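Enquirer: Per the numbering used here, residue 428 is the first one in the sequence shown, and the count goes up by one each step. Don't be surprised by glycine CBs; every beta carbon is placed ideally from N, CA and C. All figures in this text were calculated on a predicted structure; none of them were measured in a lab.
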Amino acid sequence: MIMIINLIEDKDNPISRIQLEGILKYYVKMTYKENEGAREYESLIQDYMSEDSPERDRLWYVWVKEMLEIGLEQFPKSTTLHMVSAYIHQEKLNNRFKALYELYTTEENKP
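(1) Rounded to the nearest angstrom, what separates M430 and Y528 at their Cα positions?
(2) Could you tell me the boundaries of the alpha helix (DSSP H) in which D484 lies?
(3) Specify the secondary structure class of L520 as computed by DSSP and reduced to three states.
(4) Could you pull out every residue in the same chain whose Cβ sits closer than 7 Å to the Cβ of K438, ignoring the five residues on either side in sequence?
(5) So what's S505 in DSSP terms, helix, strand or just coil?
(6) Quick check on DSSP: helix, strand or coil for N440?
(7) Secondary structure at K537, three-state DSSP: helix, strand or coil?
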């Protein structure tokens with residue numbers, strides 16, 4: 428997850444763009460049948476080279492949040508996943524309540 432966040436933050440670099448686009452295409456391909464929300468990420472792929480906007484940046488982090496939720500379903504006591512989720516909610520999606528909830532869950536699970 429942290430690697431994907433770094434790729435999103437460095438998406439102006441052509442190598443990072445290629446890697447990020449590949450990860451996104453793979454995600455859409457693997458989850459398209461089960462997840463109807465994957466369709467909105469197709470527009471991210473199609474408009475990938477156009478100008479960046481705050482809404483598009485937010486969509487990247489919503490995608491990361493979705494992947495974190497899948498990971499948390501499989502590993503509900505993972506403190507690392509909860510900490511990364513809290514970071515995404517606080518810093519990138521401006522959702523303080525959800526960030527505090529994730530931190531609270533992390534504290535309950537005690538690393």
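Expert: Let me spell this out:
(1) Numbered from 1 along the sequence shown, position 3 holds the residue referred to as residue 430. Numbered from 1 along the sequence shown, position 101 holds the residue referred to as residue 528. Approximately 24 Å, taken between the alpha carbons.
(2) The residue given as residue 484 occupies position 57 in the sequence shown. Unbroken alpha helix (DSSP H) run through D484: P481 to Q501.
(3) Taking the first residue of the sequence shown as 1, we reach residue 520 at position 93. Three-state DSSP puts L520 in coil, outside helix and strand.
(4) Within the sequence shown, numbered from 1, the residue matching residue 438 stands at position 11. Here the set comprises R444 and L447.
(5) Here residue 505 refers to the residue found at position 78 of the sequence shown. Correct three-state label for S505: coil.
(6) Here residue 440 is taken as the residue at index 13 of the sequence shown, counted from 1. Residue state, collapsed to three classes: coil.
(7) Stepping through the sequence shown from its first residue, residue 537 is reached at position 110. DSSP places K537 in coil when its eight states are reduced to three.
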